[in-house]
Structures are given as structure tokens and as C-alpha cells.
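Note sheet for the following structure.
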Amino acid sequence: MRRQVWRQAGLASLPIPREIGHVLVVSFPTAMPASATGSMLECLDPSERERWNRFQAPRVKGEFLVGKAMARRILGSALGLRAGDVRFTHNAKGKPELADGAYAFNLSHSHGWALFALTPSGRIGVDIERVRPVTDLMDLARRYFTPAEVEAIGIADSAAQLELFYRVWTRKEAFIKAHGLGVAYGLDRVEVSTDQEVKPHFARLGEGENPLTWSLEHLEPAPGYVGALACDVGLADLMLVHCVGWMD
Ligand SMILES: CC(C)(COP(=O)(O)OP(=O)(O)OC[C@H]1O[C@@H](n2cnc3c(N)ncnc32)[C@H](O)[C@@H]1OP(=O)(O)O)[C@@H](O)C(=O)NCCC(=O)NCCS
79 MRRQVWRQAG LASLPIPREI GHVLVVSFPT AMPASATGSM LECLDPSERE RWNRFQAPRV
139 KGEFLVGKAM ARRILGSALG LRAGDVRFTH NAKGKPELAD GAYAFNLSHS HGWALFALTP
199 SGRIGVDIER VRPVTDLMDL ARRYFTPAEV EAIGIADSAA QLELFYRVWT RKEAFIKAHG
259 LGVAYGLDRV EVSTDQEVKP HFARLGEGEN PLTWSLEHLE PAPGYVGALA CDVGLADLML
319 VHCVGWMD
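For the sequence shown, counting from 1, position 138 maps to 216 in this note's numbering; every step adds exactly one.
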């Protein structure tokens, strides 16, 4: 596995991918002080504010708001726009994309942390999951994973099984999200490496996709979380940033 070098930065000092030609991955916590709600809501457009209003659970509400505001702020700084002026379109499965197509990006959040990835070219998808207990783990694996993946999880010792399950899950989902599909596409149509030591790779992809043209990266965005990045451009210049002072 490639060594990951996360560095800490505030929003104001994030590197802009177009200028230095890399994929930027930003991780950030989604917990926020109540006093920040107003300024974050100002970043959203009316339909996003309406969606935020409809969420009931405080965690889901907070995660949505921080994720959207952060995505808009990063994209705004890359495009030279105010966060609120960034325009999105959505594909048939709900994937937000930039209306002017200048960058491909993707966002994921799970139980208090989020991942955002941005690239000037190609398709990109990210997924983050907090590693939390799964009841009937093997049943779920058999339902969603390929026989080779199920076997790898089945023979792992019990302490490693849970992390392996999430590693496989996030890798598949990152690919599906890069395409702007939904999980209904079928997680078992994508086969991923399960080995911890070997650089993550796709072993098999759905029709019309060559695994060799896709890059896959295992991400460790925060203790207790696993993540994955899939994109169809080379990942030689991957820049990983923890943005814990996201309000700066
Ligand atoms: C996309 C999907 C796999 C993500 O699932 P998840 O693990 O619960 O969510 P994540 O936190 O990883 O990602 C959510 C973010 O991905 C982005 N996203 C939404 N739909 C997406 C899609 N189809 N592909 C890629 N990214 C998508 C959004 O930025 C979203 O953030 P938001 O909820 O704050 O708007 C899942 O929601 C799905 O299967 N969606 C398809 C639903 C569908 O078919 N809808 C059709 C009618 S719109």
C-alpha cells in the first residue's frame, strides 16, 4: 500500500488542482458549533436549504450542511467564485456535477467525517465509512460481494474481518460513485483487491470498463474510518489534506 501523507491545511491555503495538476482529497469533520449554522447555510442554494430543512435527525442535518458548504467552498476557491455562486447539475441518479464541467468532484460522509475529492479531468468517486459493528457480516458480504471477496473475508481472522468488509465496500462504492451510478448497479459487478499489503486495484469491472485504466486508493482519513478513491486518471500526484479548521 502506498504510504499516505496527509497534511493539515485551512481552507484558505488548499492547493488548487488545475494549477499543479493533481487529484486533491480533503477530509474534514462534520461536527460543527451551532453558531456556524448561519454562515454555512448562506453557502447553499435554495433547493439545498429546502433539503436541509426536511432532514430531521441532527447528525444527518449537520453532515449534509457541512458537506455541501465545504464542497461549495473548495469548488468556489478553485473556480474563483463565492461558494453560493457555484452552480451544480445532477445526473439521473442524483450525482452533483459542476454546471460548467471545469472539475470532476465527489463527496462522501459517514458518522462525523467527510471526504471530498477534486480533479481537473476524468471521473472520480470517493467513499468513507466509519468502521462500526455489522450484524450478519458474512450474510451481507455474500449478498453484495463477489465469491473471491467473500472468501477473503471468510478466511480473515475475526479481528480483521470488519475492517476488510468496509475496505471492500468503500472500494466498490467509490467506483460506482465515480460513474454517478447508484448501489442498485450491483456491488458484485465490481471486484476489488482485498490484500492489505498490495496496492489496491480493481480485479474486474462492469461491462465496457478496463480495470487497467482505473486507479484505486485506500484512504485512512481519520482513526476508526476507512475510505477509498476511484478515478480514471493516474494517481501519481495525489494530494491528501486534513482540513480540520474548515471555518477559516
Ligand atoms: C450514491 C450513493 C451510492 C451514495 O451513498 P452513501 O454511501 O449513502 O452516501 P455518501 O455519503 O458516500 O455520498 C453522498 C454524496 O454523494 C454525492 N452523490 C449523490 N448521488 C450520487 C451518485 N449517484 N453518484 C455519485 N455521487 C453521488 C452527493 O454529493 C452526496 O452528498 P449529499 O447526500 O450531501 O448530497 C447512494 O446514495 C445511491 O445509490 N444513490 C442512487 C439513488 C438513485 O438511484 N436515485 C435516483 C433518483 S435521484
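Note that beta-carbon positions come from the ideal geometry of N, C-alpha and C, so glycine has one too.
Exposure of residue i, with buried meaning 16 or more beta-carbon neighbours within 10 Å
i: histidine 100; result: buried
i: valine 276; result: exposed
i: serine 271; result: buried
i: leucine 290; result: exposed
i: valine 26; result: Within the shown structure, residues of the chain are numbered from 79 to 326, placing residue 26 beyond reach of any answer.
Expected contact under 8 Å - CB spacing of residue i and residue j to nearest Å
i: glycine 154; j: alanine 161; result: 4 Å
i: threonine 108; j: histidine 168; result: About 21 Å; that fails the 8 Å criterion.
i: histidine 296; j: tryptophan 84; result: 13 Å between Cβ atoms; not a contact.
i: glycine 284; j: valine 268; result: 6 Å
i: alanine 281; j: tryptophan 292; result: Not quite, the Cβ-Cβ distance comes to about 11 Å (not below 8 Å), so this is no contact.
Backbone secondary structure at residue i - three-state DSSP
i: isoleucine 233; result: helix
i: asparagine 131; result: helix
i: proline 107; result: strand
i: isoleucine 206; result: strand
i: valine 83; result: coil
i: leucine 92; result: coil
i: proline 27; result: Summary: the structure shown does not reach residue 27, with the chain confined to residues 79 through 326, and so no result is reported for it.
i: leucine 283; result: coil
i: proline 225; result: helix
i: proline 174; result: strand
Where are the beta strand (DSSP E) runs, 3 residues long or more, that stay fully inside the region 285-319, in chain order?
Whole beta strand (DSSP E) segments, 3+ residues: 293-297, 303-309.
Do three or more CB pairs link the region 231-248 to the region 203-215 at distances below 8 Å?
With the rule of 3 Cβ pairs closer than 8 Å, the region 231-248 counts as touching the region 203-215.
Decide if the region 302-310 is in contact with the region 82-89; the criterion is three or more beta carbon pairs, one per stretch, under 8 Å apart.
At 8 Å Cβ cutoff, the stretches do not touch.
Is it true that the region 252-263 meets the region 229-240, where meeting means three or more beta-carbon pairs spaced less than 8 Å apart?
Below 8 Å, too few C-beta pairs join the region 252-263 and the region 229-240 to call them touching: fewer than three.
The region 119-130 in contact with the region 169-176 per 3-pair CB rule at 8 Å:
In short, these stretches do not touch, since the Cβ pair count stays below three.
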